[in-house]
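Chemist: If you read the sequence shown in our numbering, its first letter stands for residue 5, the second for the next number, and so on. Glycine is no exception: its CB is placed at the ideal position from the N, C-alpha and C atoms. To start, I am sharing the structure in question, which I have written as structure tokens.
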Amino acid sequence: MNFWEKAECGREIFIDGKTIYEGKIIDLKVDRVKLDDGRTAIREVARHRPAVTILAESGNGEVALVRQCRYAAGEIMLELPAGIVEDGEDPEFTAIRELQEEVGFKPARLEKIADLFTSPGFSDERITMFYATGLAKSALLPDDDEFLTSGFVSRSAAEELLSSGMIRDCKTMAGLLWWFRRLGKG
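Below, the structure written as structure tokens:
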């Protein structure tokens, strides 16, 4: 049996906790948990609204990227289009809306690739990744607090951006690596 098949890693049982901040995208909590050996521990947790990201491939085999300022990281980032799932929205609908807002295209086909946890050591943020093809121009107005530019890059340009360290966003790295593998030679 392999180590990843064993169920002996232990569970942490919630005892009590308090929310110390409630925001638009995240809530911050401090929880007390019971460990397998009976001791207790404190866990600081960021409860994050669900999100989506989209690997959108054009008809000529290029992938859409957006360039935007990420205040928390203190950097201008190159990323796959992404966004928060609004209340009552289906993640697939969110992916279509975000692609229209950030890149100006609507997909004919949308395939779920994976659910990703961005930083499970302290956050429950889950991003559903989609693969979009059959793109047709269809722009929606971007969010009023987003200032970004978008464009399409070839596989070779995406590989160079990734290997040079220009792409540092984990969801984008995961999406591009999936795309390279799908295209072969990856």
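Under 6 Å Cβ to Cβ from Gly-190, same chain only, skipping five residues before and after it: list those, please.
Modeler: Any reading at Gly-190 needs caution, since the residue's pLDDT is 47, under 50, leaving its predicted position unreliable; the model's value is listed next. Taken in chain order, the residues that qualify are Phe-184.
Chemist: In terms of residues, what are the limits of the alpha helix (DSSP H) holding Lys-175?
Modeler: Unbroken alpha helix (DSSP H) run through Lys-175: 174-187.
Chemist: For Leu-139, tell me which candidate among Phe-109, Leu-114, Leu-120 and Ser-123 has the shortest Cα-Cα distance.
Modeler: Cα-wise, what sits closest to Leu-139 is Phe-109.
Chemist: According to DSSP, is Gly-190 part of a helix, a strand, or is it coil?
Modeler: Any reading at Gly-190 must be qualified, since the residue scores a pLDDT of 47, below 50, and its modelled position is unreliable; the value itself is stated next. Reduced to three states, the DSSP call for Gly-190 is coil.
Chemist: Looking only at C-alpha atoms, which of Glu-96, Glu-26, Glu-105 and Ala-86 sits nearest to Asp-148?
Modeler: The shortest Cα separation from Asp-148 among Glu-96, Glu-26, Glu-105 and Ala-86 belongs to Glu-105.
Chemist: Using C-beta distances below 6 Å, list every residue in its chain close to Ser-127, excluding the 5 sequence neighbours before and after it, in chain order.
Modeler: Correct list, in chain order: Ala-50 and His-52.
Chemist: Of the residues Glu-115, Ile-117 and Met-133, which one's Cα is nearest the Cα of Ile-88?
Modeler: With distances taken between Cα atoms, Ile-88 lies closest to Met-133.
Chemist: Taking the beta carbon of Tyr-25 as the centre, do at least 16 other beta carbons fall within 10 Å, making it buried, or is it exposed?
Modeler: Exposed, by the Cβ-count rule.
Chemist: Just verifying my parser: in three-state terms, what is the DSSP assignment at Ala-76?
Modeler: In the structure shown, Ala-76 sits in coil (DSSP, three-state: anything other than H, G, I, E or B).
Chemist: Measuring straight from C-alpha to C-alpha, what distance separates Val-67 and Phe-156?
Modeler: Looking at the two C-alpha atoms, the distance is approximately 5 Å.
Chemist: In the DSSP assignment, what are the bridge partners of Val-89?
Modeler: For Val-89, which the question treats as bridged, DSSP gives no partner whatsoever.
Chemist: Can you grab the Cα-Cα spacing for the pair Met-114 / Ser-62, in whole Å?
Modeler: The sequence shown places Leu at residue 114, not Met. Answer to the nearest angstrom: the Cα atoms are 13 Å apart.
Chemist: Could you tell me which residues DSSP pairs with Glu-115 in its beta bridges?
Modeler: The partner list for Glu-115 (beta bridge, DSSP) reads Tyr-135.
Chemist: Residues in the same chain with beta-carbon distance under 6 Å from Thr-23, minus the five sequence neighbours each way, listed in chain order, please.
Modeler: Hits under 6 Å: Asp-31 and Lys-33.
Chemist: For Thr-153, report the span of its beta strand (DSSP E) as first-last.
Modeler: Its beta strand (DSSP E) spans residues 152-157.
Chemist: Across which residues does DSSP place Thr-191 in a beta bridge pair?
Modeler: One cannot answer for residue 191 here, as it falls past the ends of the chain, which runs 5 to 190.
Chemist: Considering only the beta carbon of each residue, do Leu-59 and Tyr-135 sit closer than 8 Å?
Modeler: Taking 8 Å as the Cβ cut-off, Leu-59 and Tyr-135 qualify as a contacting pair.
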